[in-house]
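Have a look at the structure below, then the notes.
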Amino acid sequence: MIALFHSDHRSHPPHPPGARKTALSVNVNKVALLRNSRHLDIPSVLRAAELCLQAGAQGITVHPRPDERHIRSDDVYEIAALMKDWPHCEFNIEGNPLHNLMHFVRDLSARGLPLHQCTFVPDSEGQFTSDHGWSFPQDAARLKPHIEYAHARGVRVSLFMDPVPEAMAAAKAVGADRVELYTESYAQAWSGPEKTKALSRFAQTARAAAAINLGVNAGHDLNRDNLSEFLRVVPGVLEVSIGHALIADALELGYDATVKDYLRCINEAFAPAAAA
36 MIALFHSDHR SHPPHPPGAR KTALSVNVNK VALLRNSRHL DIPSVLRAAE
86 LCLQAGAQGI TVHPRPDERH IRSDDVYEIA ALMKDWPHCE FNIEGNPLHN
136 LMHFVRDLSA RGLPLHQCTF VPDSEGQFTS DHGWSFPQDA ARLKPHIEYA
186 HARGVRVSLF MDPVPEAMAA AKAVGADRVE LYTESYAQAW SGPEKTKALS
236 RFAQTARAAA AINLGVNAGH DLNRDNLSEF LRVVPGVLEV SIGHALIADA
286 LELGYDATVK DYLRCINEAF APAAAA
């Protein structure tokens, strides 16, 4: 199947021998959204995170918004405390550094709690869901001091970015360690004739990032149907952050079976036959 892609893809095999396999970080926001619909503290966000880690997830992601419509401040600190028991897994907090994100960086550092990565997302305060990446040079000056603040506390910074190859150098120049490629355009194109073009754009962007030693994450609307193909074609994806689809699947399958099936999708993308 992959041999049908254009020559640019064929000349750049996505997974050379020994390539690092993509990590799965589970976003538990939707568990919090369901909990917040009542005053019973169920389902437990903390327990959801723990069950996902037990099933093999390599990380947990939260995206606390200013109105706390899903993840609350207490969730952030409780999950950070949980992560101390999982030293080989990572805690990632997403959000807009101009709103309510940076005080978590400050407080977790002060409390000695783990925070491995901050993903800066250019959301407005009341935004329904993330729908675009940062723009350069417009956003450079206001991002730079927040990136430096996170780095001073030992926290990696990833910038939420659209698949624009020429923007990778600007993200690197402002100090980002990684970018998280906003994958909705791929997910929307997956079952239609524009899929090949969309995948090519993401692959080009990932190669542009790799050329300047900028790490690549990915997320938004990835699911069990489209994940393997994305990872087969787009080289060097270090982490996928998946929430909505994974939690929806878990309502039917349970956390354990769902996480293991997403890990299966990742493993399939890295299987030797997939790159042939």
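Counting with our numbering, you get residues 36 to 311 for the letters of the sequence shown.
C-beta: ideal position from N, C-alpha, C; glycine also.
Cβ shell of residue i (< 6 Å), same chain only, five flanking positions each side left out
{"i": "A292", "result": "none"}
{"i": "F163", "result": "For F163, the predicted structure reports a pLDDT of 49, less than 50, and the residue's modelled location is therefore unreliable. A value from the coordinates is still provided. There are no such residues."}
{"i": "E274", "result": "A58, S60, N252"}
{"i": "D14", "result": "The structure shown has nothing for residue 14, since the chain only spans 36 to 311."}
{"i": "H255", "result": "Y217, T218, E219"}
{"i": "F155", "result": "P132, L194"}
{"i": "Q239", "result": "P200"}
{"i": "A285", "result": "T293"}
Whole-angstrom distance between residue j and residue i, CA atom to CA atom
{"i": "H186", "j": "P172", "result": "21 Å"}
{"i": "R146", "j": "L69", "result": "29 Å"}
{"i": "E303", "j": "W225", "result": "18 Å"}
{"i": "P200", "j": "P307", "result": "27 Å"}
{"i": "R107", "j": "L262", "result": "29 Å"}
{"i": "I182", "j": "L257", "result": "27 Å"}
{"i": "P149", "j": "V97", "result": "13 Å"}
{"i": "V214", "j": "Q223", "result": "21 Å"}
{"i": "G227", "j": "H134", "result": "37 Å"}
{"i": "D296", "j": "R100", "result": "29 Å"}
{"i": "I282", "j": "S235", "result": "28 Å"}
{"i": "F237", "j": "V269", "result": "6 Å"}
{"i": "S72", "j": "A243", "result": "43 Å"}
{"i": "A241", "j": "Y221", "result": "14 Å"}
{"i": "V66", "j": "L178", "result": "30 Å"}
{"i": "V111", "j": "G278", "result": "16 Å"}
{"i": "D76", "j": "A233", "result": "41 Å"}
{"i": "M137", "j": "E103", "result": "15 Å"}
{"i": "G250", "j": "Q93", "result": "17 Å"}
{"i": "D142", "j": "H105", "result": "20 Å"}
Which residues DSSP lists as bridging residue i, in chain order
{"i": "Q152", "result": "N127, R191"}
{"i": "A58", "result": "E274"}
Spatial neighbours of residue i in its chain, beta-carbon cut-off 7 Å, leaving aside the 5 residues before and after
{"i": "A84", "result": "V63, I95, I114, L117"}
{"i": "I35", "result": "Beyond the ends of the chain as shown, which are 36 and 311, falls residue 35; an answer cannot be given."}
{"i": "R188", "result": "V140, S144"}
{"i": "C300", "result": "R259, L262, S263"}
{"i": "K230", "result": "A224"}
{"i": "L298", "result": "L59, G91"}
Contact belief for residue i with residue j at Cβ below 8 Å, rounded distance in angstroms
{"i": "H151", "j": "N127", "result": "7 Å"}
{"i": "V192", "j": "D212", "result": "5 Å"}
{"i": "L86", "j": "Y290", "result": "4 Å"}
Near the ligand SAM: residue i beta-carbon under 7 Å from a heavy atom
{"i": "P149", "result": "Here there are no bound small molecules, and the ligand SAM is not part of this structure."}
Neighbourhood of residue i by C-beta distance below 8 Å, restricted to the same chain and skipping five residues each side
{"i": "S42", "result": "The predicted position of S42 is uncertain, since its pLDDT is 34 and thus under 50; no value can be drawn from it."}
Alpha helix (DSSP H) runs contained entirely in the stretch 90 to 119, provided each spans 4 or more residues:
Within the stretch 90 to 119, the complete alpha helix (DSSP H) runs of at least 4 residues are 108 to 118.
At 4 residues or longer, what runs of the alpha helix (DSSP H) sit wholly inside the stretch 191 to 261?
203 to 208, 219 to 224, 230 to 246, all fully within the stretch 191 to 261.
Minimum length 4: unbroken alpha helix (DSSP H) runs contained in the stretch 263 to 307:
Entirely contained in the stretch 263 to 307, the alpha helix (DSSP H) runs reaching 4 residues are, in chain order, 279 to 288, 290 to 305.
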